[in-house]
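Participant:
4 protein chains.
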Amino acid sequence: MSKTQKPWQKKLHEIIYEADTPAGKLFDIVLLIIILASVILVMLESVKSFEKHVAILDTLEWIITILFTIEYFARIITVNKPYKYIFSFYGIVDFLSTIPKYISLFFGGIHALAALRALRLLRVFRILKLARYLGASKNLTNAIKASRAKISVFLFAVLIVAIILGTIMYLVEGEENGFSNIPKSVYWCIVTLTTVGFGDIAPQTPLGQFLASLVMILGYGIIAVPTGIVSSEYSNQNKNSNNDNKTPIVHLNSQSCANCLASKHQDGAKFCHNCGHPLH
Amino acid sequence: MSKTQKPWQKKLHEIIYEADTPAGKLFDIVLLIIILASVILVMLESVKSFEKHVAILDTLEWIITILFTIEYFARIITVNKPYKYIFSFYGIVDFLSTIPKYISLFFGGIHALAALRALRLLRVFRILKLARYLGASKNLTNAIKASRAKISVFLFAVLIVAIILGTIMYLVEGEENGFSNIPKSVYWCIVTLTTVGFGDIAPQTPLGQFLASLVMILGYGIIAVPTGIVSSEYSNQNKNSNNDNKTPIVHLNSQSCANCLASKHQDGAKFCHNCGHPLH
Amino acid sequence: MSKTQKPWQKKLHEIIYEADTPAGKLFDIVLLIIILASVILVMLESVKSFEKHVAILDTLEWIITILFTIEYFARIITVNKPYKYIFSFYGIVDFLSTIPKYISLFFGGIHALAALRALRLLRVFRILKLARYLGASKNLTNAIKASRAKISVFLFAVLIVAIILGTIMYLVEGEENGFSNIPKSVYWCIVTLTTVGFGDIAPQTPLGQFLASLVMILGYGIIAVPTGIVSSEYSNQNKNSNNDNKTPIVHLNSQSCANCLASKHQDGAKFCHNCGHPLH
Amino acid sequence: MSKTQKPWQKKLHEIIYEADTPAGKLFDIVLLIIILASVILVMLESVKSFEKHVAILDTLEWIITILFTIEYFARIITVNKPYKYIFSFYGIVDFLSTIPKYISLFFGGIHALAALRALRLLRVFRILKLARYLGASKNLTNAIKASRAKISVFLFAVLIVAIILGTIMYLVEGEENGFSNIPKSVYWCIVTLTTVGFGDIAPQTPLGQFLASLVMILGYGIIAVPTGIVSSEYSNQNKNSNNDNKTPIVHLNSQSCANCLASKHQDGAKFCHNCGHPLH
Chain L
1 MSKTQKPWQK
11 KLHEIIYEAD
21 TPAGKLFDIV
31 LLIIILASVI
41 LVMLESVKSF
51 EKHVAILDTL
61 EWIITILFTI
71 EYFARIITVN
81 KPYKYIFSFY
91 GIVDFLSTIP
101 KYISLFFGGI
111 HALAALRALR
121 LLRVFRILKL
131 ARYLGASKNL
141 TNAIKASRAK
151 ISVFLFAVLI
161 VAIILGTIMY
171 LVEGEENGFS
181 NIPKSVYWCI
191 VTLTTVGFGD
201 IAPQTPLGQF
211 LASLVMILGY
221 GIIAVPTGIV
231 SSEYSNQNKN
241 SNNDNKTPIV
251 HLNSQSCANC
261 LASKHQDGAK
271 FCHNCGHPLH
Chain P
1 MSKTQKPWQK
11 KLHEIIYEAD
21 TPAGKLFDIV
31 LLIIILASVI
41 LVMLESVKSF
51 EKHVAILDTL
61 EWIITILFTI
71 EYFARIITVN
81 KPYKYIFSFY
91 GIVDFLSTIP
101 KYISLFFGGI
111 HALAALRALR
121 LLRVFRILKL
131 ARYLGASKNL
141 TNAIKASRAK
151 ISVFLFAVLI
161 VAIILGTIMY
171 LVEGEENGFS
181 NIPKSVYWCI
191 VTLTTVGFGD
201 IAPQTPLGQF
211 LASLVMILGY
221 GIIAVPTGIV
231 SSEYSNQNKN
241 SNNDNKTPIV
251 HLNSQSCANC
261 LASKHQDGAK
271 FCHNCGHPLH
Chain F
1 MSKTQKPWQK
11 KLHEIIYEAD
21 TPAGKLFDIV
31 LLIIILASVI
41 LVMLESVKSF
51 EKHVAILDTL
61 EWIITILFTI
71 EYFARIITVN
81 KPYKYIFSFY
91 GIVDFLSTIP
101 KYISLFFGGI
111 HALAALRALR
121 LLRVFRILKL
131 ARYLGASKNL
141 TNAIKASRAK
151 ISVFLFAVLI
161 VAIILGTIMY
171 LVEGEENGFS
181 NIPKSVYWCI
191 VTLTTVGFGD
201 IAPQTPLGQF
211 LASLVMILGY
221 GIIAVPTGIV
231 SSEYSNQNKN
241 SNNDNKTPIV
251 HLNSQSCANC
261 LASKHQDGAK
271 FCHNCGHPLH
Chain Z
1 MSKTQKPWQK
11 KLHEIIYEAD
21 TPAGKLFDIV
31 LLIIILASVI
41 LVMLESVKSF
51 EKHVAILDTL
61 EWIITILFTI
71 EYFARIITVN
81 KPYKYIFSFY
91 GIVDFLSTIP
101 KYISLFFGGI
111 HALAALRALR
121 LLRVFRILKL
131 ARYLGASKNL
141 TNAIKASRAK
151 ISVFLFAVLI
161 VAIILGTIMY
171 LVEGEENGFS
181 NIPKSVYWCI
191 VTLTTVGFGD
201 IAPQTPLGQF
211 LASLVMILGY
221 GIIAVPTGIV
231 SSEYSNQNKN
241 SNNDNKTPIV
251 HLNSQSCANC
261 LASKHQDGAK
271 FCHNCGHPLH
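So this is what it looks like as structure tokens:
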């Protein structure tokens with residue numbers, strides 16, 4: 001494929017990769033609906049009472065698979081460097097979310113299909129890609145990024161506490177009360193520390209219940225820490241962005257380069273900031 | 001009904017629609033008690049052990065229905081443009097919360113009554129209307145409004161995580177451990193991520209329990225995000241309102257225009273800010 | 001009892017009511033231990049396996065009751081206006097926490113004792129009184145006070161949501177799935193919204209589980225609100241107290257007036273700020 | 001052992017006690033992996049399905065025990081004052097985490113081994129020691145320290161509420177509904193207040209469910225308090241550290257004195273700040 005694009009390629013690129021034009025917006029919304037429909041389809045297939053409608057579900061699945069196939073090839077032929085798209089994260093997701101139905105033609109066993117279903121769900125990440133444009137706050141993303149390292153260290157400490165307390169609970173309660181081994185005890189400890197509390201395993205001895213109370217009060221106290229971190233970081237992000245009001249603001253649009261797929265170009269930009277390719 | 005109101009209409013309008021005069025306050029409190037009594041009545045009717053007192057409950061329900069009917073017509077005759085009230089949100093709620101008992105005269109089946117009970121509960125929104133006057137902080141409302149969009153995007157992301165993890169749990173645990181289909185697995189995943197943890201479904205396999213632990217620790221980490229957002233936005237609202245102290249503050253009272261029902265007039269206002277109608 | 005106190009009365013008053021002298025501190029610590037011991041005793045009495053040690057528990061209970069009796073009369077004879085102490089909140093608590101064992105002499109039935117046990121626990125409030133001196137942050141108390149009104153309005157709104165959603169769940173799930181009446185459904189809804197999730201009642205129908213998911217995500221979103229309020233108010237309190245550093249700080253001690261029991265006198269105060277009675 | 005160290009001792013000291021050199025870093029990472037492996041081993045030993053592999057697990061345990069033994073003696077011979085290391089906290093942990101396997105040679109009963117397993121887990125604290133270097137935020141640690149006292153007072157108040165409410169629930173629900181004694185009721189109350197909600201015990205009577213609802217709403221309201229405290233303190237720490245940027249910053253490295261084991265020396269320091277011993 002040559003460096004210069006034909007007019008119809010340019011037009012198609014705009015529709016598929018950008019959300020600025022009415023046609024581009026329509027494409028994204030239709031895609032979102034198809035993805036949601038395919039996810040619901042995967043869910044319904046697993047429900048027992050829908051087994052009698054297997055023919056309808058199969059037909060719908062074929063329609064969606066064909067639509068995804070068309071979309072996949074349209075994406076390939078409208079970019080200058082197709083291999084870049086094919087081996088990008090979203091390229092692989094697109095491929096894996098299209099292929100399962102074709103594979104089922106050759107290896108149509110029940111068990112194989114079940115494993116393939118999980119792959120199909122990766123399509124949902126597409127929606128996440130759209131969610132990015134839907135206006136998730138930059139401050140929020142920054143706050144989460146800034147907190148991530150601290151929360152990781154914190155969760156690591158929680159995990160160690162869970163292992164130690166889990167072992168103690170295993171020794172105290174023993175196998176006869178459901179704490180049949182240390183991994184299961186640690187699992188119970190995480191269930192309790194995070195205040196989920198399924199109740200499938202619960203301490204029965206007075207000493208076990210006393211220790212469980214300590215674990216819960218501990219969990220109650222430490223649940224405050226990650227919340228405090230995010231809350232504080234988010235406040236900082238807000239303050240910083242308020243101070244930044246004096247610096248000139250540049251609006252980035254959702255336009256994406258036909259050559260290198262880089263997005264987030266400034267309004268009025270004529271060349272891609274990444275590869276220098278002209279932006280139509 | 002003419003544009004000019006008779007004196008008794010003005011008097012009644014003041015009592016029903018405003019909470020500034022002693023009579024108006026008394027009316028609101030009596031109404032609140034009747035609404036609460038009617039809600040408790042709806043609840044008691046569903047309790048088995050109260051079935052023997054069905055005659056008493058029925059009589060009380062008739063008394064409340066008649067009181068609501070009187071109130072409904074009083075509201076209509078005291079405003080200049082009754083159709084505006086009738087088709088307003090609270091007008092429809094008032095109508096729907098009064099009508100069920102009359103309908104039960106003609107279609108008195110058990111099942112129909114059950115469906116009507118739900119409608120009756122809409123009366124409770126009246127109390128919310130009063131709660132507005134009880135002094136819910138403006139800052140709080142603003143903070144929730146400012147956070148709403150961000151929390152929505154966040155909850156959408158949580159939902160996608162729940163769908164993906166739910167499908168994985170369905171494949172890992174399978175039907176024999178209660179994860180009988182993907183929607184049920186997603187339901188379990190939401191139960192776990194939100195730290196509710198009913199325990200009606202719980203992972204039984206070691207791998208399932210390991211994945212559940214990851215889900216819980218993830219839920220523990222992300223519960224911090226919406227809290228951080230609200231907390232930070234609320235702080236901002238507080239700061240802004242502190243800065244606004246220099247601008248002149250105008251007190252709005254709960255007076256409501258007899259012509260267009262617009263409320264929140266300035267103290268000492270002589271004409272409605274919405275339609276120009278004189279305020280008594 | 002005359003307005004002037006005898007020296008031994010003054011001495012005893014200092015020990016019992018004040019925590020500044022070594023003797024006063026020792027008295028408070030001993031009292032705290034006795035109260036904790038009595039609470040543990042009440043707990044143990046209810047445990048089946050301790051029923052064989054009933055004689056020991058009874059003896060210990062008599063010792064504690066006699067100690068409380070002595071303390072009660074010592075408090076009465078060391079203040080100038082005993083009736084003021086007797087009818088104060090702590091006076092009544094002291095009386096009620098001492099009397100049960102004496103009553104059991106005359107009406108020694110099992111059921112009567114159970115009801116009296118609850119009264120005994122009011123002794124624990126004594127510890128709270130001490131906790132006040134142990135240094136609970138003033139900022140924290142102020143933040144809770146400032147947030148209380150807003151949190152109340154918020155919890156009221158949560159209650160209304162619980163009633164409406166509870167009724168809908170009752171109609172959807174019905175009696176056969178444990179939602180046997182509306183109050184029970186509302187109870188389930190509160191259990192779910194607060195993320196407690198006992199699991200004694202859990203939705204069984206797909207529609208019920210879908211609605212439950214919405215309730216949980218809603219609860220997940222709104223748990224953020226009270227946290228945000230307290231967190232923000234507490235930050236404000238901290239800021240204000242930092243600004244207040246320029247105003248002169250007066251230290252209040254735990255000394256309490258022998259005449260009117262008013263406490264929190266300034267260091268070096270010679271007369272009670274409440275009744276003008278000399279402070280020894 | 002003399003005050004002066006031989007060259008190989010200096011070299012070994014650097015590797016074992018410091019994380020600045022490549023060899024030191026490698027040593028720490030290898031140690032971390034061994035500790036994690038030993039913890040996983042302890043867990044697997046408790047799992048029923050691994051009982052047939054007892055020979056392999058036993059061999060692996062012996063390898064790890066010997067590695068720990070070598071490490072323990074290497075630590076002793078490379079410091080100038082071995083007794084200081086032996087009786088330090090980490091010295092005791094090292095000893096206790098190495099000894100169990102040797103003890104099992106003499107008293108190889110099943111029950112004795114179970115008790116020893118708990119001791120082995122103390123090895124995990126080693127990882128915590130490393131976590132310190134991995135970059136846990138100083139602000140976070142300070143915020144937790146600053147909040148600790150207030151959260152303790154708060155949790156103490158929660159405990160008292162749990163005792164009082166637990167006793168009331170015991171009286172209301174009684175033994176037939178699982179609230180078989182007051183300690184168990186208090187345990188249930190803590191489970192509920194912390195929003196864990198196992199569901200092994202759940203109120204059955206309408207009054208009990210009503211009281212439980214109050215407990216849950218209370219818990220919902222007060223979960224906000226510790227979060228608010230940490231969040232606010234953490235914000236303060238961040239602000240203070242921003243202001244402190246003007247004061248000269250000194251970088252502390254992880255180097256540790258060969259004589260007194262004191263760590264946290266300034267970059268470029270030539271003598272131990274604690275004992276004056278030259279730092280290699």
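Chains as they are written, first to last, in UniProt numbering: chain L, 1 to 280; chain P, 1 to 280; chain F, 1 to 280; chain Z, 1 to 280. Cβ atoms here follow ideal geometry from the backbone N, Cα and C, with glycine treated the same way.
1. What residues in the segment 161-176 of chain Z have a beta carbon less than 7 Å from any beta carbon of chain F?
2. Of the choices L:Tyr170, L:Leu60, L:Glu176, L:Asn80, whose alpha-carbon is the least far from that of serine 38 of chain L?
3. At the level of alpha carbons, what is the spacing between asparagine 92 of chain L and valine 196 of chain Z?
4. Run the CB neighbour count on glutamate 233 of chain L, radius 10 Å, all protein chains shown included, and call it buried at 16 or more, exposed below.
5. For alanine 112 of chain L, collect the residues of the same chain with a Cβ closer than 6 Å to its Cβ; drop the 5 residues on either side in sequence, then sort them by chain order.
6. What's the C-alpha gap between isoleucine 222 of chain P and isoleucine 35 of chain Z?
7. So threonine 194 of chain Z and threonine 227 of chain L are in contact, right, with Cβ under 8 Å, and what is the actual spacing, rounded?
8. Along chain F, in chain order, which residues have C-beta atoms closer than 9 Å to that of leucine 211 of chain P?
9. For phenylalanine 73 of chain Z and threonine 21 of chain Z, I'd like the C-alpha separation in whole angstroms.
10. With 16 as the cutoff for other CB atoms within 10 Å, does lysine 150 of chain Z come out buried or exposed?
11. CB glutamate 175 of chain Z to CB glycine 208 of chain Z, shorter than 7 Å?
12. Should glycine 199 of chain F be flagged as near chain L, meaning a C-beta pair shorter than 7 Å?
13. Would a C-beta distance cut-off of 7 Å place isoleucine 163 of chain Z and glycine 178 of chain Z closer than the cut-off?
14. What does the alpha-carbon distance come out to for the pair phenylalanine 68 of chain P and histidine 53 of chain P?
15. In chain F, what lies closer than 9 Å to threonine 192 of chain L by C-beta?
16. I'd like to know whether the C-beta of leucine 41 of chain F is nearer than 7 Å to at least one C-beta of chain Z.
17. Given proline 203 of chain P, which residues of its chain have a CB within under 6 Å of its CB, disregarding the five upstream and five downstream residues?
18. Roughly how many angstroms lie between the CA atoms of asparagine 142 of chain F and valine 225 of chain Z, to the nearest whole one?
19. Between F:Phe50, F:Val42, F:Val230, F:Ser49, which has its C-alpha nearest tryptophan 62 of chain F's C-alpha?
20. At which residues does the alpha helix (DSSP H) containing residue 304 of chain P begin and terminate?
21. Quick one: what's got a C-beta closer than 7 Å to phenylalanine 154 of chain Z's C-beta in the same chain, skipping five residues either side?
22. Is glycine 166 of chain P near valine 186 of chain P, with beta carbons less than 7 Å apart?
23. Whole-angstrom Cβ separation of serine 235 of chain P and serine 235 of chain L, contact assumed at under 8 Å?
24. Enumerate in chain order the residues of its own chain whose CB-to-CB distance from proline 7 of chain Z is below 7 Å, with the five nearest sequence positions on each side excluded.
25. Could you tell me the distance, in whole angstroms, from the CA atom of proline 206 of chain P to the CA atom of valine 47 of chain L?
26. Please decide whether methionine 226 of chain P counts as near chain F, where near means a Cβ-Cβ distance under 7 Å.
27. Which residues in the same chain as phenylalanine 27 of chain L place their Cβ atom closer than 7 Å to its Cβ, once the five residues preceding and following it in sequence are excluded?
28. Going by beta-carbon coordinates alone, are leucine 12 of chain P and threonine 78 of chain P separated by less than 7 Å?
29. For chain L, check one thing: does any of its Cβ atoms lie closer than 7 Å to the Cβ of serine 231 of chain Z?
30. Can you find the residues in the same chain that come closer than 8 Å, C-beta to C-beta, to phenylalanine 87 of chain L, ignoring five residues on each side of it along the sequence?
31. Compare the C-beta of tyrosine 187 of chain L with all C-beta atoms of chain P and state if any pair is closer than 7 Å.
32. Count the other C-beta atoms from every protein chain shown that fall within 10 angstroms of the C-beta of aspartate 94 of chain P, then say buried if there are 16 or more, exposed otherwise.
33. Helix or strand or just coil, what does DSSP make of glutamate 18 of chain L?
34. If you draw a straight line from the alpha carbon of leucine 214 of chain L to that of isoleucine 64 of chain L, how long is it in whole angstroms?
35. Given a threshold of 16 other Cβ atoms within 10 Å of its Cβ, counted over all protein chains shown, does serine 231 of chain F qualify as buried or as exposed?
36. What is the rounded straight-line gap between the Cα of glutamate 18 of chain P and the Cα of valine 161 of chain F?
Facilitator: Here's the rundown:
1. Ile163, Ile164, Thr167, Ile168, Tyr170, Leu171
2. L:Leu60
3. Correcting the residue type first, residue 92 of chain L is isoleucine in the shown sequence and not asparagine. Taking the straight line joining both Cα atoms gives about 41 Å.
4. buried
5. At alanine 112 of chain L the pLDDT is 49, less than 50, meaning the model places this residue with poor confidence and gives no usable figure here.
6. 29 Å
7. Not confirmed; about 15 Å, so no contact.
8. Within 9 Å Cβ-Cβ: nothing; leucine 211 of chain P doesn't reach chain F, min ~19 Å.
9. 21 Å
10. buried
11. no
12. yes
13. no
14. 23 Å
15. None at all; the shortest Cβ gap to chain F is about 13 Å.
16. no
17. Glu173, Gln209, Ala212
18. 12 Å
19. F:Val42
20. As displayed, chain P neither begins before 1 nor continues past 280, which places residue 304 of chain P out of reach and without an answer.
21. Val225, Pro226
22. yes
23. 6 Å
24. none
25. 25 Å
26. One detail in the question is off: residue 226 of chain P reads as proline in this sequence, not methionine. Cβ-Cβ to chain F under 7 Å: yes for proline 226 of chain P.
27. Ile15, Ile16
28. yes
29. yes
30. none
31. yes
32. buried
33. coil
34. 53 Å
35. buried
36. 26 Å
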